[in-house]
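First comes the structure, then the notes that go with it.
Protein chains: 2
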Amino acid sequence: MPDSHDMLFRTLADPTRRAIFERLCRDGEQTVGALTARAGVSQPAVSKHLGVLKQAGLVRDRHQGRQTHYCAQPGALSPLIDWTSQMAGFWEARFDDLEDLLKRMDQ
Amino acid sequence: MPDSHDMLFRTLADPTRRAIFERLCRDGEQTVGALTARAGVSQPAVSKHLGVLKQAGLVRDRHQGRQTHYCAQPGALSPLIDWTSQMAGFWEARFDDLEDLLKRMDQ
DNA sequence: CTCATCCATAACTCTCTGGTTATTGATCTG
DNA sequence: CAGATCAATAACCAGAGAGTTATGGATGAG
Numbered sequence: 001m002p003d004s005h006d007m008l009f010r011t012l013a014d015p016t017r018r019a020i021f022e023r024l025c026r027d028g029e030q031t032v033g034a035l036t037a038r039a040g041v042s043q044p045a046v047s048k049h050l051g052v053l054k055q056a057g058l059v060r061d062r063h064q065g066r067q068t069h070y071c072a073q074p075g076a077l078s079p080l081i082d083w084t085s086q087m088a089g090f091w092e093a094r095f096d097d098l099e100d101l102l103k104r105m106d107q
Numbered sequence: 001m002p003d004s005h006d007m008l009f010r011t012l013a014d015p016t017r018r019a020i021f022e023r024l025c026r027d028g029e030q031t032v033g034a035l036t037a038r039a040g041v042s043q044p045a046v047s048k049h050l051g052v053l054k055q056a057g058l059v060r061d062r063h064q065g066r067q068t069h070y071c072a073q074p075g076a077l078s079p080l081i082d083w084t085s086q087m088a089g090f091w092e093a094r095f096d097d098l099e100d101l102l103k104r105m106d107q
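Chains Y and D, in that order, give the protein sequences.
To convert, note that position 63 of the first sequence is 63 in the UniProt record's numbering; the numbers rise steadily by one, no gaps.
To convert, note that position 2 of the second sequence is 2 in the UniProt record's numbering; the numbers rise steadily by one, no gaps.
In structure tokens form, the structure reads like this:
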């Protein structure tokens, strides 16, 4: 069972994909065509990236006629935030341990 | 010019590498041998991962005799935190815009 | 109905990278 | 000094994945 961090980090590791997500965060809902126009890669490539982003829960799609609108789901970033603060937390915890140790040594 | 986000995301995308970093955050400074013992991959693989982590600024090394000690530098995660909150920020800004719009429509 | 447009999928290529084993350099030990 | 241990590097391999072109299926327009 690959944890959610894994999918999240792997999904956001690609610059093109991250740019698409950023764009959706900045400017809101976009059609595939609009995203393709600025992505610098072909339309199938954009569709594939959107598929990966959707799989990771980072975007939602909405079909309207023959076009598909995608919008960002920034809430899906929370595991990433959790992980980051956990790492920082471990760091501080160990720092506190060191402080305790120094205090005890000081006595 | 690949921004620092890029290197950071790419570095943390690999599960083995991320596990090594997590371990250094949790348990503090470790030798290559100690890390290899729990990494599930060969020593050269661990050394390569540590090289990548170091390149990204996520770890520091300290040579002592014939062994090398590595420790995490969680401060290097800050661009990642910045990026994440920026994405969330864009989201909220657009939400505020929507609120403004609705307010104006309400008048 | 016919043609055009939009998006997704298929099939393929090519590069990148994470893994391996083998080796070397350096340091500790006897 | 000789042998052993630790970590880094070299050389290589295989799989993943990001890109392409080609195609198909569905919807809108004339």
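Backbone N, C-alpha and C define an ideal beta-carbon position, used for all residues, glycine too.
Asked                                                                                                                                                 : Found
Following the continuous alpha helix (DSSP H) through glutamine 43 of chain D, name the residue where it begins and the one where it ends.            : 43-55
Please report the distance separating the alpha-carbon of valine 59 of chain D from that of methionine 87 of chain D.                                 : 26 Å
Starting from arginine 66 of chain D, trace the alpha helix (DSSP H) both ways and give me its first and last residue.                                : Here arginine 66 of chain D belongs to no alpha helix (DSSP H), and DSSP marks it neither H nor E.
Quick one: measure Cβ to Cβ for threonine 31 of chain Y and glutamine 67 of chain Y, integer angstroms, because I've assumed they're closer than 8 Å. : 5 Å
Taking 9 Å as the CB-CB limit, is methionine 1 of chain D close to chain Y?                                                                           : Bear in mind that a pLDDT of 43 at methionine 1 of chain D, under 50, signals an unreliable position, so the model cannot answer this.
Along the region 76-88 of chain Y, what residues have a CB closer than 7 Å to any CB found in chain D?                                                : Leu77, Leu80, Ile81, Thr84, Met87 and Ala88
Listing by chain order, which chain Y residues have their CB less than 8 Å from the CB of glycine 28 of chain D?                                      : Arg94
Between glutamate 92 of chain Y and glutamate 22 of chain Y, what straight-line distance do the alpha-carbon atoms span, to the nearest angstrom?     : 31 Å
What is the rounded straight-line gap between the Cα of isoleucine 20 of chain Y and the Cα of phenylalanine 9 of chain Y?                            : 15 Å
Beta-carbon separation of proline 79 of chain D and serine 4 of chain D under 9 Å?                                                                    : yes
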